[in-house]
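Everything on this sheet refers to the single structure shown next.
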Amino acid sequence: MGSLRDSSNSVTKYNQAEAVGWISDKLNGLTAFTMPDEIKNWFSSIGYSVPLYQSFIRQKVPRNVDWLDVLRSLSSYPSQDYYYVLLTVGAITQGGSDLPSVAIGPSHYIVINSDLKTDTGVVNKLTSDDTIVNATCFNWGKQDRIKSVSLKTLSRFIWAIIVVKRELK
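Structure, rendered in structure tokens:
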């Protein structure tokens, strides 16, 4: 994504992982970060349908999205036909570190490529906040899984969801 981002980034360039110019080592990775609106636009511009898009960026008050409701609505977009792109934290995956106690900010995109499930079926409008959920995802070039967490916990670590139809228009 850093290479895609750099092609449309006119303010700062991301050419390497080290410090470049006025950007310190700790902040240089931010120049490669792509906002959810841009990713949604990339999908749309190459011909994919994006039937659902929610992002904290589009809200006047940050985190003013009912992420529990959005997660419950994913059952309207079955995984055999759709991918779910989430802006989250890397720690939400089994391959990641421990989840922090407080969700400070997003740092990572994953693509969920299965239905969001519980022990009794697919997450839907009736799924309780405390129900443990699971799903497979694409993460850092390989298959992974989200950690077994409650629906409510998962919702605390989401900043954007882009639902993408698996076929071109």
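Position 144, counted from 1, in the sequence shown is what this note's numbering calls 425; the numbers after and before it change by one each time, with no gaps.
Where is the CB? At the ideal position from N, CA and C, for every residue including glycine.
Small disclaimer: the values here were computed from a predicted structure and weren't measured.
Quick one, which of the options has its alpha-carbon nearest residue i's?
i: G377; options: K423, D350 and D400; result: K423
i: S360; options: F438, D396 and T408; result: D396
i: V414; options: F337, T401, P317 and N322; result: T401
i: L380; options: V346, F324, N322 and R437; result: R437
i: L349; options: D410, S325, Y358 and G386; result: D410
Rounded to the nearest angstrom, how far is the Cβ of residue i from that of residue j, given a contact under 8 angstroms?
i: Y329; j: L435; result: That belief does not hold up - the Cβ atoms of Y329 and L435 are roughly 24 angstroms apart, past 8 angstroms.
i: T408; j: S431; result: Rounded, the Cβ-Cβ distance is 10 angstroms, inconsistent with contact.
Grouping DSSP H, G and I as helix and E and B as strand, with all else coil, what is residue i?
i: L368; result: strand
i: L333; result: strand
i: T401; result: coil
i: V351; result: helix
i: I320; result: helix
i: T315; result: coil
i: T434; result: helix
If you check the beta carbons only, do residue i and residue j fall under 8 angstroms apart?
i: I427; j: L333; result: no
i: C271; j: I439; result: In this structure the chain extends from 282 to 450, so residue 271 is not present and cannot be described.
i: I393; j: L368; result: no
i: G371; j: S388; result: yes
i: K446; j: Y363; result: yes
i: V351; j: Q375; result: no
I'd like to confirm the pairing. Which residues does DSSP put opposite residue i in its beta bridges?
i: Y363; result: K446
i: I427; result: T374
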